């Protein structure tokens, strides 16, 4: 029994002998063995084993380690492998450069897109119970039965949900600023206009968890005069972080004084709503109000209740809560974490991301990475074939298979390591330059991004090992005699076949991306050139115009300026926020409208199809029943141009039909992005002060005009800041998703084509080098330069043609799908494919043709005299 | 001063080697410490302390007999050198001196 019984774990023993100094080993092993025997008398085998292991591992101390001899064989060999790698890289400078360049560019774009996508996917996940928080929305039901998706809900919803459904743990309502700016001040001379004001319930922090720097979330909003602000707001107003106990005044018709009860960390970029100030709702008792559709309702479900179950209860709940209704609009819940990417309702708190774009970017990043990996693989394999002789000679001098493999692996690792580092630096450059595309500051040095980088670097290194492994195993398995003679045999041919396939894949991807980019650009151009239906150029919008003491004098003062041709006030801006109402008899339609005055219609230059503009000469124009609509509005109201100017039934209120007059019809114009069709739009006229002023100006002396407008503003504005923007800029943001897509697309495509180009270049370079002798012999036998060059170029061109044949139909299909998403779309032209084909062929022809010409021109003697 | 520097653990090991006079090898030292100080010591910690003190010259060592129980491996016995003895003396001396320097009032505390 005793022998087996008293044997300590063998592996631990071997491990100890491996790292422990020889002079210590005997004694230590003895000690450990003695212990073990003692231990075994008292304890079970595995306990004793564990304590043996424990003692062995505790022996991992510097004093006990074997010292590697300076001139041990392994060390020297490894050092020489690095030397070979270095020498090899220097010897083939162009090849190394292309290889490193393509790999690092591919890695950089992959890192860039990966971090971008990760950011998009991380929305709202920072809330502690983000999986239990949902937004409840009710679509808008028009009287003709049309359903309009809509994110807003009436305030009574939250109240009813909390009371009627047991699984609802907490609810909260958000009321954002709705385009208003609040004048907030800490002292009389520290006032700013603020947009980031959200009014909410006391339960806000039960549902959302924004980390508190100061204050207590449980009672931060429990009184109507309490307010929570972000750190940057605290610093802005009080120059300190801890602003608890300070007060802020919200100026308005009645000034409100708020006590700061909490300071939170700035709202992270990946929150689907952002704010700087949180105060309580101040609309009186609105818990029974089902008509005030301006709130966002969030619920937190109790633990263990799922979304599906909750979802199924919502429709019945809505029916019992509002029994008086005839028809019910769809009511449903959205996961908090899904809102940013999938919701896309009307009136989102913040422009949503697009899941499609995520997929497109992801695919592109993979494409670019794939192309560069293929390049790397291709070049490595091709390179290794060239080094057959070297392998043979090494074998003759007694290199083991093992040492050859480690040599190749180390070379691969060195390359990949350099590429990974260069890729990281490049990605950082991309982040710095494309920050506005991402919409936020990103750096690879941020902790979470460093993690991503480390992960990608690790995978990159693994890939490098794999890519190195193929030639390593392949080459080391040749027979010495064949290797020295440079006979490649059948294996070499299969490698060449692989290289060709990879080249085709590369160029297919390039063609695909070129076509894709062309289509996106054409669509964007198409959209930009669509006639908006009014002129957005040369219109300056002044916001907060209601603060001017006397808007009439302000307007007339502005109109006197030499470069200003018109000034008109309006409640909203076309392409910005507008109100909606239901209009029409017998069936109502949803009408977007702004309240405005005749001058505003002039400033915007709407084109009248029929009827006339408002006029101050007719008092009835401003009565609120007379309206100017767009063509779509007229159509949906069920009226024709004949009805313009006549009194027609417009709406039904308290069972009486109200008549109104369509004063004029303007041509359809775009006031939303081009993914959606033109919707009904109307203008009402009220002779009163409005929030926005449209100013038409001429572009000559723009800065001077602006300065003049500003000085007029300061005369009348009681010290309020001058807030303005140009209308066409505002329009550009409506199609921001597409321009973002196109700029990233452009970069990536350029990279992909560039990498494929480098791959082709290197491949041609290598092929020609391999065939130098053949070319020389052909020339000796009378072949012409052009004939030789054609022979080589042809092969590559055939591969590129094949790639195009695969990619073009695919690209056509995919891009057609993408265009389906637009209401106003361009067509995919034949020319795009010609262009893609021509550019890839051209690139191939130039890279290969140039090199083959050079090879063909050389005096054949130079290549033949060596043997 | 520097030449007699002894860590707390080193001091215990050195004293134990002294206690075990002639019988001080790895296992014995470890067990003695476990018995007297009620303190678990890993072989690694012990060995590193022993080696460190050997290189400082406080200990010397020689191989002893091998036993079956040790799988035929020899023991290494440690002995305190004269320098080691001096270091111990010095250490005790300095402690005693410090001890004597404490004014009596420092001990006048009450547990209430």
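Residue numbers (our numbering), protein chains in the order written: chain A, 1 to 867; chain B, 868 to 979.
Ideal Cβ positions, reconstructed from N, Cα and C, are used throughout, including at glycine.
Predicted model only: the values in this text are computed from it and were never measured.
(Q) Using the Cβ count rule (16 or more neighbours within 10 Å means buried), how would you classify residue 809 (chain A)? (A) exposed
Q. Buried or exposed: where does residue 8 (chain A) fall if 16 or more other Cβ atoms within 10 Å of its Cβ makes it buried?
A. buried
(Q) With a threshold of 7 Å between beta-carbons, can residue 2 (chain A) be considered close to chain B, or not? (A) Residue placement at residue 2 (chain A) cannot be trusted, given a pLDDT of 47 that sits under 50; what the coordinates show is reported in the next sentence. No, residue 2 (chain A) lies away from the interface with chain B (no Cβ there is under 7 Å from its Cβ).
Q: Could you list which residues in chain A have their beta carbon closer than 8 Å to that of residue 941 (chain B), in chain order?
A: 26, 27, 30
Q: Show which residues of chain B have a CB atom less than 9 Å away from the CB atom of residue 64 (chain A).
A: Those within 9 Å of residue 64 (chain A) in chain B are 911, 914, 915, 918.
Q. Do we get a CB-CB distance below 7 Å when we pair residue 95 (chain A) with the residues of chain B?
A. Residue-level contact by beta carbon fails for residue 95 (chain A) and chain B, as no gap is shorter than 7 Å.
Q) Mind checking if residue 14 (chain A) is an interface residue toward chain B, Cβ cutoff 7 Å exclusive? A) no
Q. When we look at the beta-carbon of residue 666 (chain A) and count the other beta-carbons within 10 Å, is it buried (16 or more) or exposed?
A. buried
(Q) Using beta carbons (cut-off 7 Å, strictly below), is residue 979 (chain B) in contact with chain A? (A) Below a pLDDT of 50, predicted positions are generally treated as unreliable, and residue 979 (chain B), at 49, falls in that range; no measurement from the model is reported.
Q: Could you pull out every residue in the same chain whose Cβ sits closer than 8 Å to the Cβ of residue 65 (chain A), ignoring the five residues on either side in sequence?
A: 19, 20, 21
Q.
For a quick check, are the C-beta atoms of residue 564 (chain A) and residue 695 (chain A) less than 7 Å apart?
A. yes
Q | Residue burial classification, residue 713 (chain A) (beta-carbon count within 10 angstroms, cutoff 16) | A | Taking all protein chains shown into account, residue 713 (chain A) has 16 or more neighbouring C-beta atoms within 10 Å of its C-beta and is therefore buried.
Q: Indicate whether at least one CB of chain B lies closer than 7 Å to the CB of residue 37 (chain A).
A: yes
Q: Reducing DSSP to helix, strand and coil, say where residue 929 (chain B) ends up.
A: Residue 929 (chain B): strand per DSSP, three-state reduction.
Q. So residue 579 (chain A) is in the beta strand (DSSP E); what residue range does that whole segment cover?
A. Residue 579 (chain A): member of the beta strand (DSSP E) spanning 579-583, first to last residue.
Q: Using a Cβ-Cβ cut-off of less than 7 Å, list which residues of the stretch 438-457 of chain A approach chain B; keep chain order.
A: none
Q) Given a limit of 7 Å on CB to CB distance, which residues of the stretch 887-910 of chain B reach chain A? A) Within the stretch 887-910 of chain B, the qualifying residues are 893, 894, 909, 910.
Q | Burial state of residue 677 (chain A), where buried means 16 or more other Cβ atoms lie within 10 Å | A | exposed
Q | Exposed unless 16 or more other CB atoms sit within 10 angstroms - verdict on residue 1 (chain A) | A | Residue placement at residue 1 (chain A) cannot be trusted, given a pLDDT of 41 that sits under 50; the coordinates are not used to answer.
Q: Output yes or no for whether 7 Å exceeds the beta carbon distance between residue 370 (chain A) and residue 112 (chain A).
A: no
Q: Could you tell me the distance, in whole angstroms, from the CA atom of residue 869 (chain A) to the CA atom of residue 129 (chain A)?
A: Summary: the structure shown does not reach residue 869 (chain A), with chain A confined to residues 1 through 867, and so no result is reported for it.
Q | 7 Å Cβ cutoff met for residue 241 (chain A) and residue 234 (chain A) | A | yes
Q) Can you tell me whether residue 95 (chain A) is buried or exposed, with buried defined as 16 or more other CB within 10 angstroms of its CB? A) Its Cβ being crowded by 16 or more others within 10 Å, residue 95 (chain A) is buried.
Q | Any alpha helix (DSSP H) of 4 or more consecutive residues that is wholly inside the stretch 668-735 of chain A | A | Within the stretch 668-735 of chain A, the complete alpha helix (DSSP H) segments at least 4 residues long are 702-716, 727-734, listed from N- to C-terminus.
Q. Alpha carbon to alpha carbon, how far is residue 762 (chain A) from residue 392 (chain A)?
A. 25 Å
Q) Buried or exposed: where does residue 225 (chain A) fall if 16 or more other Cβ atoms within 10 Å of its Cβ makes it buried? A) exposed
Q.
Using a 10 Å radius around the Cβ and a threshold of 16 neighbouring Cβ atoms, would you call residue 553 (chain A) buried or exposed?
A. exposed
Q) Taking C-alpha atoms, which residue in A:303, A:606, A:542 lies nearest to residue 534 (chain A)? A) Nearest of A:303, A:606, A:542 to residue 534 (chain A), Cα basis: A:606.
Q.
Helix, strand or coil, according to DSSP, for residue 316 (chain A) in the structure here?
A. In the three-state scheme derived from DSSP, where H, G and I count as helix and E and B as strand, residue 316 (chain A) is classed as helix.
(Q) Once the 5 residues before and after residue 332 (chain A) are set aside, which same chain residues still bring their CB inside 7 Å of it? (A) 137, 311, 314
Q: Under 8 Å between beta-carbons, which chain B residues line up against residue 167 (chain A)? List them in chain order, please.
A: The premise fails here: residue 167 (chain A) is roughly 54 Å from chain B at the closest Cβ pair, so nothing lies under 8 Å.
Q: Establish whether the CB of residue 59 (chain A) and some CB of chain B are separated by less than 7 Å.
A: yes
Q.
Distance check for residue 807 (chain A) and residue 512 (chain A), CA to CA, integer angstroms please.
A. 5 Å
Q) In chain A, what lies closer than 7 Å to residue 959 (chain B) by C-beta? A) Going along chain A, no residue has its Cβ under 7 Å from residue 959 (chain B), so there is no contact; the nearest lies around 27 Å.
Q) Looking at the unbroken beta strand (DSSP E) that takes in residue 834 (chain A), where does it start and where does it end? A) Premise fails: residue 834 (chain A) lies in the alpha helix (DSSP H), 830-857, not in any beta strand (DSSP E).
Q. Does residue 924 (chain B) come within less than 7 Å of chain A when only Cβ atoms are used?
A. no
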